[in-house]
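Each position in the sequence shown, counted from 1, maps to that position plus 985 in our numbering. Just so you know, even glycine gets a beta-carbon here, dropped at the ideal spot from N, CA and C. None of the values given here were measured: they were computed from a predicted structure.
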Amino acid sequence: MDTYDFLADPRAITLEERRATASRLHREQTVWLERLMTLAEPPLPEPDFPAFLLATPPFADLAQRLGTATQRSHLPVAVAEELDWFLQAFADYLRTCDGEDVFAAQHRSH
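1. Using 10 angstroms around the beta-carbon of Ala-1036, count the other beta-carbons present and answer buried if the total reaches 16, otherwise exposed.
2. Looking at C-beta atoms only, is the number of pairs between the segment 1061 to 1081 and the segment 1015 to 1027 that lie closer than 8 Å three or more?
3. If you reduce the DSSP assignment to three classes, tell me which class Arg-1057 lands in.
4. Just how far apart, CA to CA, sit Phe-1075 and Arg-996?
5. Given this structure, state the Cα-to-Cα distance separating Thr-1081 from Ala-1045, to the nearest angstrom.
6. With a Cβ-Cβ cutoff of 8 Å, do Ala-1054 and Leu-1047 count as a contact?
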């Protein structure tokens, strides 16, 4: 079994499992959070933002598209917009599971 099989849908795991995964991927968290601080627009991600998700299979494409960019202006518009979605959608990932129905199709247009 692949280490990250359970992260096929990172919202499907419990809050306790999320926090355990964050702890296990501490190195990835540090590296990606530092990068996000240079690529994000304000408000910048909080210290508990789950940047480690970019080191998992569900977000491998986004991580690859972020490439070696060191500032937001280096990102194509579509990638910057996807990054903004990611930052907003997962801001509370390590805090709560409440409200995750916003990912349902009927809520995406709001």
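For this structure:
1. By one-based count along the sequence shown, residue 1036 stands at place 51. Classification of Ala-1036: buried, given that the 10 Å Cβ count is 16 or more.
2. With a cut-off of 8 Å, the segment 1015 to 1027 and the segment 1061 to 1081 count as touching, because enough Cβ pairs lie within range.
3. If you number the sequence shown from 1, residue 1057 lands on position 72. Three-state result, Arg-1057: helix.
4. In the sequence shown, residue 1075 corresponds to position 90, counting from 1. In the sequence shown, residue 996 corresponds to position 11, counting from 1. Spanning the alpha carbons of Phe-1075 and Arg-996 requires a straight line of approximately 9 Å.
5. Here the question's residue 1081 lines up with position 96 in the sequence shown. Here the question's residue 1045 lines up with position 60 in the sequence shown. Answer to the nearest angstrom: the Cα atoms are 24 Å apart.
6. Numbered from its first residue, the sequence shown carries residue 1054 at position 69. Numbered from its first residue, the sequence shown carries residue 1047 at position 62. Result no, Cβ atoms of Ala-1054 and Leu-1047 do not sit closer than 8 Å.
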